[in-house]
Amino acid sequence: SESLTVAELAKKLGREPSEIIKKLFMLGVMATINQELDKDAIELICAEYEVEVEEEILVDKTDLEVYFEPEDESLNEERPPVVTIMGHVDHGKTTLLDSIRHTKVTAGEAGGITQHIGAYQVVDNGKKITFLDTPGHAAFTTMRARGAKVTDLAIIVVAADDGVMPQTVEAINHAKAAEVPIIIAVNKMDKPSANPDRVMQELTEHGLVPEAWGGDTIFVPISALTGDGIDSLLEMILLVSEVGELKANPARRAIGTVIEAELDKGRGSVATLLVQDGTLNVGDPIVVGNTFGRVRAMVSDVGRRVKEAGPSTPVEITGLNDVPQAGDRFVVFEDEKTARQVGETRATSALQVQRSEKTRVTLDNLFDQL
Ligand code: GTP
Ligand code: MG
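The structure is reproduced here in structure tokens:
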């Protein structure tokens, strides 16, 4: 949401609401404590206090974290890394994902790939890796804008015959902004025109210096087409993840993020969730974004019915009252009554925000009233 009430803004600025109301009055606006202010009006007030408006100031209206049980770090265990693949058009992202999936889906599950759920897990040397199969940029932009950090690591694919292109640079910027480690996959090495030195040279100009040249960026030459180098890439992913010491507590109630969601004719609201901490179980009372429900059924990334999903596991669920949005947070509650209460409150206030869009103070009507 791009708005805050006067009371919420006052809290964020560490001021009394009455003071904010006074400031608005000085600007010629009669406002009440529960009045919605739009982004421009917020910026104006913040400028009065010489406070820079960060995007974050506007997002935590959808903060579900407050309902999450307190952390007990002693119960933490290692969790699989969540990886996003990004890169320029046609540099081989999809081919790479396919190649990883088909070489690494555990034996016996190979025939089970019946559906596509926007995220999946592979096993390499007994260790799991979760890949987000959403377009990489979407995973970073929409979800980050909504306050959700879903990715632990970014793979940036650069075609060795084409070099660094505009979307390569965009991907680098997204990954840097999200403060996640970057691994460069220099793809299409099978092509006679492949020129990996040029890729390294060009990326050095963007601050990504290969280890071979004294830097600390990992470059892995691969061919997504032939499968060459895929094993090294997976090895590097696990290596970098180990450094990050990714931990979660499987014993707590689940919390995580919506990867995608839709309304299915037969099954109703269907949502792909990434469990980021805790374990999600069939039957769990859950609040997802501005909707709620009870987990009716869960399907794994290979189309299998499962009863539970631990940290870093993507899973498709049914049982929600409404369709949430990609990037929405979810939290499991102890009892259905509380989940319903919280869910209904959130649904109502989301509706109010929608309605008040028309009546709230905008920069335009603020100056109209001066
Ligand atoms: P968008 O989704 O459109 O951004 O493209 P993408 O990055 O997913 O590229 P995609 O995997 O669709 O590959 C584009 C083309 O490059 C296809 O024709 C692939 O077959 C080809 N390609 C991908 N990887 C390799 C490779 O390692 N070697 C060769 N020779 N061709 C490749
Ligand atoms: Mg693609």
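Residue numbers for the sequence shown follow the UniProt record's numbering, so the first one is 209 and each next one is one higher.
Where a beta carbon is used, it is the ideal one built from N, C-alpha and C, also for glycine.
- Message: Tell me the residue span of the beta strand (DSSP E) that contains residue 477.
- Response: Under the DSSP assignment, residue 477 falls in the beta strand (DSSP E) whose first and last residues are 476 to 485.
- Message: For residue 418 and residue 403, I'd like the C-alpha separation in whole angstroms.
- Response: Roughly 15 Å separates the two Cα atoms.
- Query: Three or more beta-carbon pairs under 8 Å between the stretch 473 to 486 and the stretch 513 to 532, yes or no?
  - Reply: Below 8 Å, enough C-beta pairs join the stretch 473 to 486 and the stretch 513 to 532 to call them touching: three or more.
- Message: Cutting at 7 Å between CB atoms, please list the residues of its own chain near residue 224, excluding the five before and the five after it.
- Response: Around residue 224: 218.
- Message: What does the alpha-carbon distance come out to for the pair residue 179 and residue 544?
- Response: This structure leaves residue 179 out entirely; the chain is present only between 209 and 578.
- Message: Using only the alpha-carbon positions, how far apart do residue 226 and residue 235 sit?
- Response: In a straight line, the C-alpha of residue 226 is about 14 Å away from that of residue 235.
- Message: Here's the rule I'm using: 16 or more other beta-carbon atoms within 10 Å means buried, otherwise exposed. How should residue 213 be labelled?
- Response: Residue 213 comes out buried.
- Taking DSSP as the reference, what is the three-state secondary structure of residue 535? In the structure shown, residue 535 sits in coil (DSSP, three-state: anything other than H, G, I, E or B).
- Task: Please report the residue range of the beta strand (DSSP E) in which residue 395 lies.
- Result: Under the DSSP assignment, residue 395 falls in the beta strand (DSSP E) whose first and last residues are 390 to 395.
- Query: With respect to 7 Å, is the separation between the Cβ of residue 376 and the closest non-hydrogen atom of ligand 2 below this value?
  - Reply: Relative to ligand 2, the beta carbon of residue 376 is positioned no closer than 7 Å to any heavy atom.
- Message: By alpha-carbon positions, which one of 450, 451, 452 and 372 ends up nearest to residue 416?
- Response: With distances taken between Cα atoms, residue 416 lies closest to 372.
- Message: DSSP has residue 470 in a bridge; who is on the other side?
- Response: In DSSP, residue 470 forms a bridge with 478.
- Compute every distance between the C-beta of residue 231 and the non-hydrogen atoms of ligand 2, then say whether any falls below 7 Å. No, the beta carbon of residue 231 sits no closer than 7 Å to any heavy atom of ligand 2.
- Quick one: what does DSSP say residue 297 is sitting in, helix, strand or coil? Coil, per DSSP.
- Can residue 433 be considered in contact with ligand 1, in the sense that its beta carbon sits closer than 7 Å to one or more heavy atoms? Yes, Cβ of residue 433 sits closer than 7 Å to a heavy atom of ligand 1.
- residue 524 classed as buried or exposed, judged by whether at least 16 other C-beta atoms fall within 10 angstroms: Taking all protein chains shown into account, residue 524 has 16 or more neighbouring C-beta atoms within 10 Å of its C-beta and is therefore buried.
- Query: What is the residue span of the beta strand (DSSP E) that residue 511 lies within?
  - Reply: Looking at the DSSP string, residue 511 is not in any beta strand (DSSP E), and its letter there is neither H nor E.
- Message: From the DSSP secondary-structure annotation, give me the bridge partner or partners of residue 665.
- Response: Outside the shown range of the chain, which is 209 to 578, sits residue 665, and nothing can be said about it.
- Query: Under the three-state reduction of DSSP, which class applies to residue 213: helix, strand or coil?
  - Reply: Note: residue 213 maps to strand in three-state DSSP.
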